[in-house]
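Have a look at the structure below before the remarks.
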Amino acid sequence: MNTKKIKEKLSNKIVLKKIVLIGISYLFILLIFIFSDCLNKGVNIKEGEPAYEDIIAKQHGEYEDTAETERLRELAAQNAGFVYYIDPEVFPSIRTNIHRLFLKIKEIQKNTKISKTEDKVNWLRENLKSIIKQKIPYYTLETLLKADNKDIELIEYACNLIMLHIMELDIKQVQLAEAYKLIEKKSADLPFSEEYLSVIKEIDKSVLLPNCIIDVEETQKIKTMAREKVKPVLISVRAGEIIVERGYIVKSSHLEILSQLGMLDNNLSIKKSFGFTLLILILLFFLILYVYKIQKEDLYSFKNILFYCIIVVSHLSFAILLFKVSGYLVCLPALGMFIAILFDYNLAIVFSVFVTMIFAIFPDNQLNFVMVNLVGCIIATFSVAKITKRFDLTIAGFFVGMTNFITILSISLINYTSFWFILKDCIYGVLGGILSAVLVLGFLPIFERYFDFTPQIRLLELSNQQEPLLQKLLMEAPGTFHHSLIVANLAEKVAQELGANPLLSKVGALYHDIGKTKRPAFFIENQRGENPHDKISPNLSTLIVHSHVKDGLELAQKYKLPEAIQNFIPEHQGTSLAAYFYHKAKQGEYGDSVDENDFRYPGPKPQSKETAILMVSDAVEATSRTLEKPTPIRIQSMVKKIISKCLEDGQFDECGLSFKELSVMADVLTQILTTMYHKRIEYPDAETNKINFDKKQNNFITRNLELKEGK
């Protein structure tokens, strides 16, 4: 796969959600391991409390003297010095400040509102705060206020001249005192009075700034490099060496040593964490690879991925809790049961192996725990693969429990375990199997409802004719009920031959026309007298007939039918045309102006093989009941004509049926219908077989196809 295709797939929000979901589940699995008590079996001591026994190193090792290491590193960083750079903006800034200072002097000299010298000095100090950070002496400002403009300009020039010489040097912050001395030396050579020389020196000292600035980033780099060059101070510990003597108060330094040696109860080394991370990642990769290669459609379903993540994380969490009691009590077989019931047993076995292998990572997890749970998972998977009622789950639980019993007994006898230990472990094994079945019985209805799964058990329950919705159909629309039973048998048989889901096809057929219970008299199979459609317009008839789809969906939602069954209600009609009412409307006053789309069902077209099978079975059954002399040839012609009509109308465009499967469907339906009407069949001779159907018979079939839309 090229980079462009990968980017296109990752840009899909649903794909990103799936990736994020798998990633979160992966992190949850890691957290389960990292923070579980099962992972670390070390000493358990606390700072400030006396050691309850001598804490002895179990093996050779080294620990870092962190205090000494840090002291040496800090010393190295201090000795590394600083990195400086010359700031070219400092001198222009100083000149600007000097100029602004003298402007303020001139400004206050011209200010007639302030007359007193003291007030003028205070005004200058206040206004020079933002220009010069250092405080200029009082006498300096007083001298400047008394000077005339010419002297002020000369003093300003002298200040700039001295600063020009000073800024030619590299002046650091720590060298300002030396720079002050240099200012005094330079100013002594100027031809000014002592009073003005003092002013020049004070002003230059006040505005002076270092031009050699510390490069913080580079300085930090060299200090960091200096620290890194200092190697950790390691202290060797030999196996058997006492780290903390019994009765001594535990200090933080003791805990640090134990932590580095991997001896604390709450310690998990980076190496061990990386090992867990990598191993679980490999197992997860192979699981996803299997699902992608064998159950690829599951990766397209966000709902399925969410279920897989929840079921794996929850089982591992529950297993860790029960592991504290016994490794034989953990309910890993429940995971195999869930997936076998809701999906298929092949996928269940793969997930069982995945979870059991993760379970095997537990420290102190003996091989016999892993073996018993793996055997239990596989047996649980096969024991529920073809259950027909929920009580079978209880039997499966006892079966898994007895399997655990035999496996534990075998392993215990090999290991020469004492009788009481064998008995205790066997009881835990039996309880683990039963508890697995209890978990499935309790949570299976929750998963069915909130994830909208439709397992075989649920389908079998829905196929029971005592279900309230089927009883409603029987009492309010008996003709439709009888029709649905026949269609269900036809659809089931066709689905078997095509490799589709026979039970889903059967149950979907039983409920596909439940919407007719609202207005049963408007459908031909429920009529016992005149047809109410004869008294109303074709448009109204179409509206009534089409409404049985909407009414059916409302009933399905009211009775909480699974989504998989609800799909049969609109898809069995697809976007087909109510041809009878359409042609009747065209013969009316509007003629050719009648829009064909007004007489088509809203759809969607069949999205699965099962709903496409129902579409054909429904039409075939309705038409076959009105055939005159249903001979095998007439039945075959009728079936092929119906399939061809659906094919030409584009009803099979989205269900994935091939031409070969359509041919098989036609043969199966012909065979079943021929068997159903065998008492009325007239076997034609060789000469009759060569005769084509007359015009009357062809018109009759066409007429019944149209009436099917309003049955």
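Note that the numbering used here gives residue 711 to position 336 of the sequence shown, counting from 1, and the numbers run on in steps of one. Note that the Cβ used here is the ideal one computed from N, Cα and C, for glycine as well.
Legend entry - Rounded Cβ spacing between Val612 and Tyr459 (contact assumed at less than 8 Å): Rounded, the Cβ-Cβ distance is 46 Å, inconsistent with contact.
Legend entry - For Ile1044, three-class secondary structure by DSSP: Going by the sequence as given, residue 1044 is Leu instead of Ile. Helix at Leu1044.
Inset, instruction - Measure from the alpha carbon of Leu798 to the alpha carbon of each residue in Leu658, Ser787, Met732, then state which is nearest. - result: Ser787
Inset, instruction - Closer than 8 Å by C-beta to Phe822: which residues in its own chain qualify, once you throw out the five before and the five after it? Chain order, please. - result: Phe682, Phe713, Leu717, Phe828
Legend entry - Sub-8 Å separation of Ser880 and Leu989 beta-carbons: yes
Inset, instruction - Let me know the secondary structure DSSP gives Glu1057 once reduced to three states. - result: Confidence at Glu1057 is low in this model, with a pLDDT of 48, below 50, so its placement is unreliable and no value can be given for it.
Inset, instruction - On the DSSP bridge assignment, give the partners of Cys706 in chain order. - result: For Cys706, which the question treats as bridged, DSSP gives no partner whatsoever.
Inset, instruction - Using beta-carbon positions only, say whether Cys534 and Ile578 come within less than 8 Å of one another. - result: yes
Inset, instruction - Let me know the secondary structure DSSP gives Asn1064 once reduced to three states. - result: Legend: pLDDT at Asn1064 = 43, less than 50; position of this residue unreliable, no value from coordinates given.
Legend entry - Extent of the continuous beta strand (DSSP E) run through Tyr460: 459-461
Inset, instruction - Please report the Cβ distance between Ile473 and Val582, rounded to the nearest whole angstrom; I am assuming they are in contact, meaning their Cβ atoms lie under 8 Å. - result: 6 Å
Inset, instruction - Could you tell me the distance, in whole angstroms, from the CA atom of His690 to the CA atom of Lys1020? - result: 52 Å
Legend entry - Pair within 8 Å by beta-carbon distance, Ile541 and Ala554: yes
Legend entry - Own chain, CB closer than 6 Å to Gly650, minus 5 neighbours either side, in chain order: none
Inset, instruction - Could you tell me which of Pro981, His921, Ile669, Asn906 sits nearest to Lys891, measuring between CA atoms? - result: His921
Legend entry - Backbone secondary structure at Pro425 - three-state DSSP: strand
Inset, instruction - Figure out for me which residue from Leu844, Leu704, Asn901, Ser627 has the closest Cα to the Cα of Ala812. - result: Leu704
Inset, instruction - Would you kindly work out how many angstroms separate the C-alpha atoms of Ile527 and Ile588, rounded to a whole number? - result: 32 Å
Inset, instruction - Answer yes or no: do Leu707 and Phe726 have a C-beta to C-beta separation smaller than 8 Å? - result: no
Legend entry - Nearest to Lys547 (by Cα), restricted to the options Leu742, Asp523, Leu584: Leu584
Legend entry - Contacts around Leu539, its chain only, beta-carbon distance under 8 Å, and the 5 residues preceding and following it disregarded: Phe466
Legend entry - Stretch-stretch touch, CB-based, cutoff 8 Å, three pairs: the stretch 941-957 with the stretch 899-918: yes
Inset, instruction - May I have the straight-line CA-CA distance separating His857 from Tyr1052, to the nearest angstrom? - result: 16 Å
Inset, instruction - Taking only runs that begin and end inside the stretch 554-586, name each unbroken alpha helix (DSSP H) of 4 or more residues, in chain order. - result: 569-582
Legend entry - Option in Asp523, Thr492, Leu478, Thr518 with minimal Cα separation from Leu503: Leu478
Inset, instruction - Return the chain-ordered list of same chain residues with a C-beta closer than 7 Å to the C-beta of Val730, the five sequence neighbours on each side being excluded. - result: Val687, His690, Leu691, Leu707, Leu710
Inset, instruction - State yes or no: is the C-beta of Leu936 within less than 8 Å of the C-beta of Tyr976? - result: no
Inset, instruction - Can you have a look at Lys485 and say buried or exposed, based on whether 16 or more other CB atoms are within 10 angstroms of its CB? - result: exposed
Legend entry - Nearest-angstrom beta carbon gap, Thr855 and Phe818 [assumed within contact, 8 Å]: So it is not a contact: roughly 36 Å between Cβ atoms.
Inset, instruction - Compare the beta carbon distance of Val605 and Leu447 with 8 Å and say whether it is the shorter of the two. - result: yes
Inset, instruction - Would you be able to state if there are at least three C-beta pairs under 8 Å between the stretch 507-515 and the stretch 558-566? - result: no
Legend entry - Local conformation of Ile506 per DSSP, three classes: coil
Legend entry - Inter-stretch contact (C-beta, 8 Å, three-pair minimum) for the stretch 516-531 and the stretch 492-502: yes
Inset, instruction - Put Val605 into one of helix, strand or coil per three-state DSSP. - result: coil
Inset, instruction - Pick helix, strand or coil for Val759, following the three-state DSSP scheme. - result: coil
Legend entry - Supposed close pair Glu851, Pro895 - CB separation, criterion 8 Å: 6 Å
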